[in-house]
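One structure is given here, and the rest of the page talks about it.
In my numbering, the protein residues as written are 9 to 126.
Set out below in structure tokens:
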């Protein structure tokens, strides 16, 4: 799970990685079919292949880009602070779209900023 990027950042990342414009049909269709960041991060190659204009190589490029995005650590300026239960809910709200149960541990630094998750 990652909230380090917003949807706009993901659009730019995907568009750049597959040499498309961020408002192209392919990028728009990906975000229409997978509206939440979690759905996007969990997308399979088969699901991508069902989109017109995406072949096996492009699907693999998209999957690889999304895997790299999961690994990208946030910088100090981007860290999300947990000050109350509502902050946790806000950070994890994309989990509502999961199709299976997941357990997440948030790792906080001494300033209650999310340092990572497991």
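Think of the CB as a built atom: it goes at the ideal place given N, C-alpha and C, for glycine as much as any other residue. Predicted, not measured: the structure shown is a model, and the values here were computed from it.
Cβ of residue i within 8 angstroms of Cβ of residue j?
{"i": "residue 67", "j": "residue 57", "result": "yes"}
{"i": "residue 25", "j": "residue 69", "result": "yes"}
{"i": "residue 62", "j": "residue 41", "result": "no"}
Compare the Cα-Cα distances from residue i to each of the options and report the closest residue.
{"i": "residue 122", "options": "90, 112, 61", "result": "90"}
{"i": "residue 64", "options": "53, 115, 114, 73", "result": "53"}
{"i": "residue 87", "options": "116, 17, 71", "result": "116"}
{"i": "residue 78", "options": "119, 51, 118", "result": "51"}
In its own chain, which residues sit with a C-beta less than 8 angstroms from the C-beta of residue i, not counting the 5 before and 5 after it?
{"i": "residue 9", "result": "Per-residue confidence for residue 9 stands at a pLDDT of 43, beneath the threshold of 50, marking its modelled position as unreliable; the derived number appears in the next sentence. Closer than 8 angstroms at the Cβ level, and outside the excluded window around residue 9, lie 46, 49, 100, 102, 103, 110, 112, 125."}
{"i": "residue 29", "result": "23, 35"}
{"i": "residue 32", "result": "23"}
Under three-state DSSP, which class holds residue i?
{"i": "residue 83", "result": "The predicted position of residue 83 is uncertain, since its pLDDT is 47 and thus under 50; no value can be drawn from it."}
{"i": "residue 12", "result": "With a pLDDT of 43 at residue 12, under the threshold of 50, the modelled position of that residue is not reliable, and the figure given next carries that caveat. The answer is coil: DSSP assigns residue 12 none of H, G, I, E or B."}
{"i": "residue 18", "result": "helix"}
{"i": "residue 121", "result": "strand"}
{"i": "residue 114", "result": "strand"}
Quick one: residues in its chain with C-beta nearer than 7 angstroms to the C-beta of residue i, no 5 flanking neighbours on either side, listed in chain order?
{"i": "residue 107", "result": "none"}
{"i": "residue 20", "result": "30"}
{"i": "residue 105", "result": "44, 46, 47"}
Excluding the five sequence neighbours on either side, which residues of its own chain have a C-beta within less than 6 angstroms of the C-beta of residue i, listed in chain order?
{"i": "residue 18", "result": "none"}
{"i": "residue 74", "result": "49"}
When the Cβ atoms of the stretch 25-40 are set against those of the stretch 92-111, are three or more pairs found closer than 8 angstroms?
-> no
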